[in-house]
Every structure is written in C-alpha cells, then in structure tokens.
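Asks: Counted the way the working numbering counts, the sequence shown spans residues 35 to 353.
Heads up, the beta-carbon is just placed ideally off N, CA and C, and yes, glycines get one too.
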Amino acid sequence: MKRLMTVVVLFAGLWAGYWWFGITQLRSAVTQGLAQIPDRVTLGDWSAQGFPSRFDIDIREAQLRGPNWQWDVPQAEIMAMAWAPTRLIVWAGVPQTLSVYGQTFEINAQDMRANVDFAARGSLPLEKVIAVMEAPQVSGLVADQARLALQSIPDGADETTQASARYRIGGALTNVRSESLTSDAVTPANVAWDAQIALPAPIDRVMLQSGVLPRAQSIDLTKLTIDWAGASVAASGQLTVLPSGYLDGPVDLELQNIDQVIALLRESNIMPASQIDLIDRALRAIGRGDGSVSVPLRFAGGQTMLAGLFRIGPAPRLP
35 MKRLMTVVVL FAGLWAGYWW FGITQLRSAV TQGLAQIPDR VTLGDWSAQG
85 FPSRFDIDIR EAQLRGPNWQ WDVPQAEIMA MAWAPTRLIV WAGVPQTLSV
135 YGQTFEINAQ DMRANVDFAA RGSLPLEKVI AVMEAPQVSG LVADQARLAL
185 QSIPDGADET TQASARYRIG GALTNVRSES LTSDAVTPAN VAWDAQIALP
235 APIDRVMLQS GVLPRAQSID LTKLTIDWAG ASVAASGQLT VLPSGYLDGP
285 VDLELQNIDQ VIALLRESNI MPASQIDLID RALRAIGRGD GSVSVPLRFA
335 GGQTMLAGLF RIGPAPRLP
C-alpha cells in the first residue's frame, strides 16, 4: 500500500507539473500573439485556467478584423482536455455582429459551438471542424438548426491553381424562414451544400499567429440544394475567386416548379420586383412543359447573368 501511495503521489506531482507547464506556455503564446496582431484581434479581457484536467481560455469582448470585415463576439470559451490539447471545443456567446463590405448582420442563437481538431505535428495543420448552431437568427432569417463541417483533404496542393491546401466544406440549414414572410402558405426551406475550396496557404498555427485569414482561390461546388414549399433548386459549378473577392464562373441550375419558385421570390422580398420579373420571363422562355428548367447561371465582372442574357444582380463576394 505504501508503494502504491508513492506511485500515486508521484504521478499527481508529474501531472500537476505538466499542467502548469502547459498553461504557462499557453498564456505566453496568447500574450505574444495578441501583441503581434493588434490591428487584427482585440480582446477586452481573457484568462487561462482549467486545472487539473483542461486547458481553458475564457474571452470577453472579442473583436476580429480583416480588410473588408469585422466580427464582434461578446464572449467565447476555448476548451481542450489536457491529454488532447489539439482537440478543441469552442463556444461563442451572443448577440454577435458581423460586418462585411459595410453591411452589418446581427447574429443570435440559443447555442453556438464547434469541435476543432488540429493535427499533432509540425505547424499544427487544421484537420476538421464540426460546428452547430441551435435556433440561429441572422438579420431576419431564422432556422431550427445550422450545421457546418470542414475537413482537410490530404495532399490538397494543386499546381494548376497554385493552391497549397484544399478543404471539403459542407453544411445544412433546417427549416429556414424569413421573419418578413406574411403568407401562411409559405413553408420553411431546407438548404444543404457540399463543396471543395482551395486556399493559398493551409490553416495552421502559422496562419493563426499572423492573424490573416487566406481568401479561397477557387470553389468547386459539388451540389447546393434548396427545397422550399414544393419548389426545388439544385446548383453545381466550378468557380474562381477574383482579387476583388467576387466569384467568377458558370453554375448549372436545375429548377423544379417554376410557378412556385417565382411566387416564393415575390413573397420573400429578397430582391426588387423588377429583377424577379426578368427572372420570370427568362425561365418561362426556356422552361420545359412539366414546369422544370435547366438554366446556366454565370458570375462575371462582379455581376450575375441568367441564361447569358439577363443581369439579375451582383455576384456573390467573399471578404
């Protein structure tokens, strides 16, 4: 028994020493990192704790900034078990605000958290992220749940695009609806997507220490589906990202139930009536007798063109 107690005490002492060394290194790394990127990240206050089993960082009033965006989070916690410090659990508080190109979005949710896994080697490259938002609300749009998954693709370097890292990104929004909808006939939509993105640099410790998030160079949209009140939209395409951030390239659209698609667009007020009229005329001109249509969409020069003839608005733009 005395020998067993000696082993237990020795192990406890070694573990306490390991934890203290780890938390000291963590505090030093955060302090030095923030000092290097004051123009990118500002924290109102933070602390590192978690003895004896975790390494936790508690953050208050975080502000993250880039050239064309700013993200304000009132509170966040980053947690890792002491025996697996590269496997993180991240929780974020609300309300949050996200500003992109001068447009501000208010973000709320009942719960917002993610599992973030880094590889325990070299520069600690990101392996995967699984994020879930319960009852998210974003500037008038609400959903029951939002899910997002990102996974590194091994040997993702691509000489043709000069990309050094590729990631698969997918997600789903369940029962999406707009607070502005007034018709009882309009039911929520379900959205899902699967794509691959190419980045000029991997997401790893080096990138995080720089505070600069690399913009995607290309997006291979495998599939985007929207099922909404008897109408459905499926999209796929290979897109490049221009230096301005605008997407460029063709997208193949397959629409079912044109009448319902147009009715939902008019009800949702997501674009001016004149643009919806243009879309209506274009779809009916090339549609099939069963109410479906295959139509090419193209992003070019910062604009979105439908069937190569109708300009329906600006192209999507990444920050």
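Going by beta carbon distance, what residues of the same chain come within less than 7 Å of Gln59, once the five residues before and after it are set aside?
Replies: Indexing the sequence shown from 1 puts residue 59 at position 25. Within the same chain, Gln59 has no close Cβ partners at all.
Asks: Under the three-state reduction of DSSP, which class applies to Tyr52: helix, strand or coil?
Replies: Position 18 of the sequence shown, counted from the start, is the residue given in the question as residue 52. Helix.
Asks: Is Gln290 helix, strand or coil when you go by DSSP?
Replies: Translated into positions along the sequence shown, residue 290 becomes position 256. Gln290 falls in the strand class under three-state DSSP.
Asks: Using the beta-carbon count (16 or more within 10 Å), is Tyr280 buried or exposed?
Replies: Numbered from 1 along the sequence shown, position 246 holds the residue referred to as residue 280. Tyr280 should be labelled buried.
Asks: What are the start and end residues of each continuous alpha helix (DSSP H) run of 4 or more residues lying completely inside the segment 179-258, in chain order?
Replies: 239-244
Asks: Quick check on Trp125: buried or exposed, where buried means 16 or more other Cβ atoms within 10 Å of its Cβ?
Replies: Here residue 125 refers to the residue found at position 91 when the sequence shown is read from its first residue. Flag for Trp125 reads exposed.
Asks: To the nearest angstrom, how far is the alpha carbon of Glu213 from that of Ala69?
Replies: If you number the sequence shown from 1, residue 213 lands on position 179. If you number the sequence shown from 1, residue 69 lands on position 35. Computed Cα separation, rounded: 42 Å.
Asks: Please report how far the alpha carbon of Arg322 lies from the alpha carbon of Val267, in whole angstroms.
Replies: Within the sequence shown, the letter at position 288 stands for residue 322. Within the sequence shown, the letter at position 233 stands for residue 267. C-alpha separation (whole angstroms): 15 Å.
Asks: Is it buried or exposed for Ser186, if we count other Cβ within 10 angstroms and need 16 for buried?
Replies: As a working note, residue 186 is residue 152 in the sequence shown. With 16 or more other Cβ atoms within 10 Å, it is buried.
Asks: Is the segment 306-319 touching the segment 269-278, taking contact as three or more C-beta pairs under 8 Å?
Replies: no
Asks: Could you tell me the boundaries of the beta strand (DSSP E) in which Ala82 lies?
Replies: Start at 1 with the first residue of the sequence shown, and residue 82 comes out as number 48. Looking at the DSSP string, the run of the beta strand (DSSP E) that includes Ala82 is 75-83.
Asks: Answer with buried or exposed for Thr338, where buried requires no fewer than 16 other C-beta atoms within 10 angstroms of its C-beta.
Replies: Indexing the sequence shown from 1 puts residue 338 at position 304. Result: buried.
Asks: Can you check which of these residues, Tyr52, Thr256, Ile253, Pro234, is closest to Val246 by C-alpha distance?
Replies: Locating residue 246 in the sequence shown gives position 212, where the first residue counts as 1. Checking every option, the nearest Cα to that of Val246 belongs to Pro234.
Asks: In whole angstroms, what is the alpha-carbon distance linking Pro119 and Arg239?
Replies: Here residue 119 corresponds to residue number 85 of the sequence shown, with the count starting at 1. Here residue 239 corresponds to residue number 205 of the sequence shown, with the count starting at 1. So the two alpha carbons sit approximately 13 Å from each other.
Asks: Between Gln109 and Ile91, how many whole angstroms is the CB-CB distance? I'm expecting something under 8 Å.
Replies: Position 75 of the sequence shown, counted from the first residue, corresponds to residue 109. Position 57 of the sequence shown, counted from the first residue, corresponds to residue 91. Your pair Gln109 and Ile91 does not check out as a contact, with CB atoms roughly 12 Å apart and the cut at 8 Å.
Asks: What are the start and end residues of the alpha helix (DSSP H) that includes Ala269?
Replies: On the sequence shown, residue 269 is found 235 positions in, with the first residue counted as 1. Here Ala269 belongs to no alpha helix (DSSP H); instead the beta strand (DSSP E) covers 265-275.
Asks: For Leu258, which residues in the same chain have their Cβ closer than 6 Å to its Cβ, ignoring the five residues on either side in sequence?
Replies: Indexing the sequence shown from 1 puts residue 258 at position 224. Correct list, in chain order: Trp227, Ala269.
Asks: Answer with yes or no whether the minimum CB distance from Pro236 to chain B is below 9 Å.
Replies: Among the chains in the structure shown there is no chain B, since it carries only a single protein chain.
Asks: Does DSSP put Ile71 in a helix, in a strand, or in coil?
Replies: Against the sequence shown, residue 71 aligns to sequence position 37. In the structure shown, Ile71 sits in coil (DSSP, three-state: anything other than H, G, I, E or B).
Asks: Taking the beta strand (DSSP E) that Ser173 falls in, what are its first and last residues?
Replies: By 1-based counting over the sequence shown, the position of residue 173 is 139. From DSSP, Ser173 is part of no beta strand (DSSP E); its letter is neither H nor E.
Asks: DSSP state of Val329, grouped into three classes?
Replies: Position 295 of the sequence shown, counting from 1, holds the residue named residue 329. Strand.
Asks: Give me, in chain order, the residues of the same chain whose beta-carbon lies closer than 7 Å to that of Ile320; leave out the 5 immediate sequence neighbours on both sides.
Replies: The residue given as residue 320 occupies position 286 in the sequence shown. Correct list, in chain order: Val327, Val329, Ala341.
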